[in-house]
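Colleague:
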Amino acid sequence: MYYGELKKCDIANGIGVRVTLFVSGCTNHCPGCFQPQTWDFDFGKPYTADTEAEIFAELDRGYVDGLTVLGGEPFEPNNQPELCRLLRHVKERYPQKNIWVFSGFRLDDELLRDGSYPRGQYTDEMLSYIDILVDGRFTQELKDISLQFRGSRNQRVIDLKKTLASGKIVIWDQLRR
Ligand code: SF4
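Just so we're aligned, residue 24 is where the sequence shown starts under my numbering, counting upward by one.
1. In whole angstroms, what separates the C-alpha of D167 from that of D88?
2. Under 8 Å, do I122 and L90 count as touching if we go by C-beta distance?
3. Can you tell me the Cβ-Cβ gap for R179 and I194, rounded? I've got them flagged as a contact below 8 Å.
4. Counting only runs that start and end within the region 80-139, where is the alpha helix (DSSP H) found for 4 or more residues in a row?
5. So, at 6 Å on beta carbons, what are the nonlocal neighbours of N36 in its own chain, with the 5 sequence-adjacent residues on each side left out?
6. Can you determine whether any heavy atom of the ligand SF4 sits closer than 7 Å to the C-beta of G127, and answer yes or no?
7. Spell out a yes or no on whether the region 92-104 and the region 134-151 are touching, meaning 3 or more CB-CB pairs, one atom from each, closer than 8 Å.
8. DSSP three-state call for Y274: helix, strand or coil?
9. Given a threshold of 16 other Cβ atoms within 10 Å of its Cβ, counted over all protein chains shown, does E133 qualify as buried or as exposed?
10. If you draw a straight line from the alpha carbon of L130 to that of Y26, how long is it in whole angstroms?
11. Between which two residues does the alpha helix (DSSP H) carrying L183 extend?
12. Alpha carbon to alpha carbon, how far is T162 from F57? Give it in angstroms, no decimals.
13. So, at 8 Å on beta carbons, what are the nonlocal neighbours of I192 in its own chain, with the 5 sequence-adjacent residues on each side left out?
14. Note down the Cα distance separating V113 from Q144, rounded to an integer number of angstroms.
15. In angstroms with no decimal places, state the Cα-to-Cα distance between G55 and F128.
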C-alpha cells in the first residue's frame with residue numbers, strides 16, 4: 024500500500040484533533056474529484072512499519088482524539104489487508120480513541136453486499152473497528168460546500184457502531200449539517 028500524506032494535528036476530517044492518513048489508489052474516478060492524483064495506487068510513499076510507528080507516536084499524545092483514514096479509497100481491495108492490520112492495532116492500543124474512515128463505496132449496497140467489488144475477506148473486520156464511516160462517491164451535481172465532513176449531499180456520515188448493531192443506517196447524531 025502507498026500513501027500520499029500523513030497529517031498530524033488535523034482538525035478538518037473528524038471531531039477533535041486527529042492524525043490523518045491519506046492512502047493511495049481509487050478506481051471510483053468521480054467526476055470533479057478534488058484529488059485525482061490519489062487515484063494512482065503508486066502515488067506517494069510506500070506504507071511501512073515506520074509509517075505505523077509515526078502514527079502511533081501521534082496517537083500516544085493525550086490531546087489526539089483518534090485516527091482518520093481517507094484517500095484515494097481505503098476500501099480498495101488492494102488497500103484492505105494493510106489497513107485492516109493498522110485499524111486492528113489502533114483499536115488494541117488505543118481502545119478509547121475513535122476511528123473515522125471516508126469511503127466512496129456505499130455501506131449497505133457495496134461494502135456489506137456479498138459479491139460487490141470492494142467486499143472481501145477483510146471488509147467486515149475493518150468495519151468492526153470504525154466508529155464513523157463517511158460513505159458515497161462525490162457527485163458534482165449534488166455538491167454543497169456548506170456540508171460538514173462531505174462534499175456532496177448524497178454522502179452520509181454514518182454512526183457505524185449503531186448501524187451494525189441495529190441493521191439499519193444510523194446517521195451520526197452530532198451532525199449539524
Ligand atoms: S472516491 Fe474520493 S478519491 Fe475516489 S474519485 Fe471519488 S472523490 Fe476522488
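Virtual Cβ for every residue (Gly too), placed ideally from N, Cα, C. The model shown is predicted, which means the values in this text are computed figures rather than measured ones.
Modeller: Considering the structure as presented:
1. The residue labelled residue 167 in the question sits at position 144 within the sequence shown. The residue labelled residue 88 in the question sits at position 65 within the sequence shown. Taking the straight line from one Cα to the other gives about 27 Å.
2. As a position in the sequence shown, residue 122 is number 99, starting the count at 1. As a position in the sequence shown, residue 90 is number 67, starting the count at 1. It is a contact, given that the beta carbons lie within the stated cut-off.
3. Position 156 of the sequence shown holds residue 179. Position 171 of the sequence shown holds residue 194. The pair is a contact, with the Cβ atoms about 6 Å apart (cut-off 8 Å).
4. 103-116
5. Walking along the sequence shown from the start, residue 36 turns up at place 13. Counting only Cβ-Cβ distances below 6 Å, and skipping sequence neighbours, we find T43 and T91.
6. Mapped onto the sequence shown, residue 127 falls at position 104. Yes, the ligand SF4 has a heavy atom inside 7 Å of this Cβ.
7. yes
8. There is no way to answer for residue 274, as the model of the chain reaches only from 24 to 200.
9. As a first step, residue 133 is located in the sequence shown; it is residue number 110 there, counting from the start. Under this definition E133 is a buried residue.
10. Working through the sequence shown from its first residue, we reach residue 130 at position 107. Working through the sequence shown from its first residue, we reach residue 26 at position 3. In a straight line, the C-alpha of L130 is about 23 Å away from that of Y26.
11. In the sequence shown, the residue the question calls residue 183 occupies position 160. Unbroken alpha helix (DSSP H) run through L183: L183 to S189.
12. Taking the first residue of the sequence shown as position 1, residue 57 is located at position 34. Taking the first residue of the sequence shown as position 1, residue 162 is located at position 139. Those two C-alpha atoms are separated by around 11 Å.
13. Along the sequence shown, one-based indexing puts residue 192 at 169. Excluding sequence neighbours, I192 sits near L130, D131, R179, I181 and T186.
14. Counted from its first residue, the sequence shown places residue 113 at position 90. Counted from its first residue, the sequence shown places residue 144 at position 121. Their Cα atoms are separated by approximately 19 Å.
15. Working through the sequence shown from its first residue, we reach residue 55 at position 32. Working through the sequence shown from its first residue, we reach residue 128 at position 105. Each residue's alpha carbon lies about 16 Å from the other.
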